[in-house]
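Chemist:
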Amino acid sequence: MYKIETFSHNLLDWFHNNKRSMPWRETNDPYKIWLSEVMLQQTQVVTVKGYYNRFIERFPTMTSLVAADEDEVLKYWEGLGYYSRVRNFQAGVREVQEQYGGVVPKDGDAFLSLKGVGPYTRGAVMSIAYNLKYPAVDGNVYRVFSRLDDDATDIAKSTARKHFEAKVMAVMPDAAGDFNEALMELGATVCTPKNPICMLCPVQDHCEAFAEGTVLQRPVKVKKLKRKSYRYKVLLIVNDQGELLIVQRPTSGLLGGMWQFPVVDEEASLADIEELLHMNLYQEAELFHTVTHKFTHLDWLLDVYLYRTTDSATGDYHFIAREEKENYTFPVSMTKIYEHYLKTGS
DNA sequence: CAAACGTGGGA
DNA sequence: TTCCCAAGTTT
Numbered sequence: 335m336y337k338i339e340t341f342s343h344n345l346l347d348w349f350h351n352n353k354r355s356m357p358w359r360e361t362n363d364p365y366k367i368w369l370s371e372v373m374l375q376q377t378q379v380v381t382v383k384g385y386y387n388r389f390i391e392r393f394p395t396m397t398s399l400v401a402a403d404e405d406e407v408l409k410y411w412e413g414l415g416y417y418s419r420v421r422n423f424q425a426g427v428r429e430v431q432e433q434y435g436g437v438v439p440k441d442g443d444a445f446l447s448l449k450g451v452g453p454y455t456r457g458a459v460m461s462i463a464y465n466l467k468y469p470a471v472d473g474n475v476y477r478v479f480s481r482l483d484d485d486a487t488d489i490a491k492s493t494a495r496k497h498f499e500a501k502v503m504a505v506m507p508d509a510a511g512d513f514n515e516a517l518m519e520l521g522a523t524v525c526t527p528k529n530p531i532c533m534l535c536p537v538q539d540h541c542e543a544f545a546e547g548t549v550l551q552r553p554v555k556v557k558k559l560k561r562k563s564y565r566y567k568v569l570l571i572v573n574d575q576g577e578l579l580i581v582q583r584p585t586s587g588l589l590g591g592m593w594q595f596p597v598v599d600e601e602a603s604l605a606d607i608e609e610l611l612h613m614n615l616y617q618e619a620e621l622f623h624t625v626t627h628k629f630t631h632l633d634w635l636l637d638v639y640l641y642r643t644t645d646s647a648t649g650d651y652h653f654i655a656r657e658e659k660e661n662y663t664f665p666v667s668m669t670k671i672y673e674h675y676l677k678t679g680s
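Every number in this note's numbering is 334 more than the matching position in the first sequence, counting from 1.
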C-alpha cells in the first residue's frame, strides 16, 4: 500500500502543472460536464471535441435542450455512435427540469437514477461539477490502479468496478473533482495501455507494477471468446449382438484421447457414412435424439441417428458391449447420448 | 451477467 | 486482415 498523502499530493500537483486534454471544457456547469461525460463514454477525447462544441452552441442550456425536437438533437450526435446516449441524455435533462427545478441534483443517488447516468457518469459529474467525493472509474482508472497495486483483477468482469471504486475512495482527497480528472488524465497521457511513459510518471514511486516490471501485463483483461456453434451427426451403430460402435478422438485438441460414438459432419449422407465405416447400415429412425453441449468456448449441437448393421468393425473403430462402456473414457455429451439410448433404445 | 450497442484509429 | 482500445450503460 502506498502512502496516501504523498500519492494524492503528487498526482494533484502534476495535474495542476500540466496541460489538460480538454481545455475546451473548462467549466463547472453541471449541464456541460454531464453532456461531455456522456459523449466521452467509449469515445476518445479528440473525437468528442467537435461534437461537444457544436452541441453546446446549438443547445447551450438545459432549457434549450428540453425544448428541442428529438430528431434535431439526434442529428447533432450523428457519427458519434451509441445513439441511445443522446436520447437518454435529453430524457435525463428533461427529468431534471421537471423533478429538480432545472438544477442538476447535488445528490449522487438522485443523479444516478436519471436516464443514461451510470456509476462512472455519476462520479464524474458529482465530483467535477460539485466536488463531491464519488469515484469515477473508467478504463484509465482500471489501468492506473491495476498498475499501482500490481493488481491482477480481471477488469473484464462486471464485479471489477466496485473493486476499483474502493481503491479510489481509499485515497480520495478533498479535491475530489481534480483527483478524478487527474487519474484519468494520467491514464490517458502517461499510464497508457501500450507505451506507458513511466519516466514521466508523478507517482512512479508508488507503482508496484513498475517495481516488479509487470507494467505491460496490467491490467489483466480476459478476452471475450467468440463462442462458435457446431452441428454434427452422431451415429449410434448397433450390431447383431447389441454392441455399440466407438472410436477414439485424436490425442490433441478438444477432448483429446477420449472415446466417442462416430461423429460426422451434419451434411454427411448415408452413403458417405457407409464408406467411412466400411459397413452396410440400416437406419432405425429418422432422428433418434438431439443433444446440445456447451464448452467454455464453443457449442455443440448433436443430432443422433440410430443404425443397425451385421458387419464387423474395421480400422480404429470398435464394437463394445454395454458392460464395457465403463472401460473407456467418454465426454459428458456422449454419455448423455448413451444414457438416452439405454432408456429409450432397444 | 453476458451481450449488445457505433465508430474511428493504431498496431 | 484482425484485434484492441476509447473518460460506459442498459437489458
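Here a beta-carbon is modelled for each residue, glycine too, at the ideal position from N, C-alpha and C.
Near His-330, what residues of its chain come up, given a Cβ to Cβ distance below 7 Å and the 5 sequence neighbours on each side ignored?
Modeler: This structure cannot speak to residue 330, because the chain is shown only from 335 to 680.
Chemist: Is the separation between the beta-carbon of Asn-474 and that of Ala-522 shorter than 7 Å?
Modeler: Yes, they are a contact pair.
Chemist: Starting from the Cα of Ile-531, find the closest Cα among Thr-648, Glu-620, Asp-574, Leu-550 and give me that residue.
Modeler: Nearest C-alpha to Ile-531: Leu-550.
Chemist: With His-674 as the anchor, note down where its alpha helix (DSSP H) starts and where it stops.
Modeler: 666-678 is the extent of the alpha helix (DSSP H) around His-674.
Chemist: Between the Cα of Gln-376 and the Cα atoms of Phe-349, Arg-419, Asp-483, which residue gives the shortest distance?
Modeler: Here the closest residue by C-alpha is Arg-419.
Chemist: Taking three-plus beta-carbon pairs below 8 Å as touching, is the segment 474-490 in contact with the segment 565-576?
Modeler: Contact between the segment 474-490 and the segment 565-576 is absent, because fewer than three Cβ pairs lie under 8 Å.
Chemist: If I measure Cβ to Cβ from Ala-543 and keep anything under 6 Å in the same chain, skipping five residues before and after, which residues do I get?
Modeler: Result list for Ala-543: Arg-481, Asp-484, Val-549, Arg-552, in chain order.
Chemist: Since I believe Val-597 is in contact with Lys-670 (beta carbons under 8 Å), could you give me their beta-carbon distance rounded to a whole number of angstroms?
Modeler: Lys-670 to Val-597, Cβ: 14 Å. No contact.
Chemist: Could you have a look at Ile-489 and say whether DSSP puts it in helix, strand or coil?
Modeler: Note: Ile-489 maps to coil in three-state DSSP.
Chemist: Whole angstroms is fine: what's the gap from Asp-332's alpha carbon to Leu-517's?
Modeler: Since the first and last residues shown for the chain are 335 and 680, residue 332 lies out of range.
Chemist: Using the beta-carbon count (16 or more within 10 Å), is Tyr-416 buried or exposed?
Modeler: Exposed: under 16 other Cβ atoms inside 10 Å.
Chemist: DSSP three-state call for Phe-445: helix, strand or coil?
Modeler: The answer is helix: DSSP assigns Phe-445 an H, G or I state.
Chemist: In terms of residue numbering, what span does the beta strand (DSSP E) encompassing Asp-599 cover?
Modeler: Per DSSP, Asp-599 belongs to the beta strand (DSSP E) from 597-599.
Chemist: Closest to Val-427 by C-alpha separation, out of Gly-457, Arg-359, Ala-444, would be which residue?
Modeler: Considering only alpha carbons, the answer is Ala-444.
Chemist: For Gln-433, does the three-state DSSP call read helix, strand or coil?
Modeler: Looking at Gln-433 - three-state DSSP - the assignment turns out to be helix.
Chemist: Which same chain residues end up closer than 7 Å to Asn-362 when comparing Cβ atoms and leaving out the 5 residues on each side of it in sequence?
Modeler: Cβ within range, chain order: Ala-463.
Chemist: By the 10 Å Cβ neighbour count, where 16 or more other Cβ atoms means buried, how is Gly-452 classified, buried or exposed?
Modeler: Gly-452 should be labelled exposed.
Chemist: Grouping DSSP H, G and I as helix and E and B as strand, with all else coil, what is His-627?
Modeler: The answer is strand: DSSP assigns His-627 an E or B state.
Chemist: For Gln-375, name the three-state secondary structure that DSSP assigns.
Modeler: Reduced to three states, the DSSP call for Gln-375 is coil.
Chemist: Measure the C-alpha to C-alpha separation of Pro-665 and Leu-676 and round it to an integer number of angstroms.
Modeler: Near 17 Å, if we compare the C-alpha coordinates of Leu-676 and Pro-665.
Chemist: Quick check on DSSP: helix, strand or coil for Ile-571?
Modeler: It is a strand residue.
Chemist: Got a sec, what are the start and stop residues for the alpha helix (DSSP H) Ile-277 sits in?
Modeler: Residue 277 is absent from the structure shown; the chain starts at 335 and stops at 680.
Chemist: Should Leu-399 be listed as close to the ligand ADP, given that the test is whether its C-beta is under 6 Å from any heavy atom?
Modeler: The model depicted lacks the ligand ADP and carries no ligand whatsoever.
Chemist: Rounded to whole angstroms, how far is the Cβ of Asp-637 from the Cβ of Glu-600, which I believe are closer than 8 Å?
Modeler: Confirmed, Cβ separation roughly 7 Å.
Chemist: Does DSSP classify Met-335 as helix, strand or coil?
Modeler: The pLDDT assigned to Met-335 is 49, lower than 50, so where the model puts this residue is not dependable; a value taken from the coordinates is nonetheless given after this. Three-state DSSP puts Met-335 in coil, outside helix and strand.
Chemist: Might you give, ordered along the chain, the residues of its own chain that have their beta carbon closer than 6 Å to the beta carbon of Val-382, omitting 5 neighbours on each side?
Modeler: Met-373, Leu-374, listed in sequence order.
Chemist: Helix or strand or just coil, what does DSSP make of Leu-640?
Modeler: If DSSP states are grouped into helix, strand and coil, Leu-640 belongs with the strands.
Chemist: Restricting to runs no shorter than 4 residues, where is the alpha helix (DSSP H) found entirely within the segment 452-485?
Modeler: Taking only runs of at least 4 residues, the alpha helix (DSSP H) segments lying wholly in the segment 452-485 are 453-464, 473-482.
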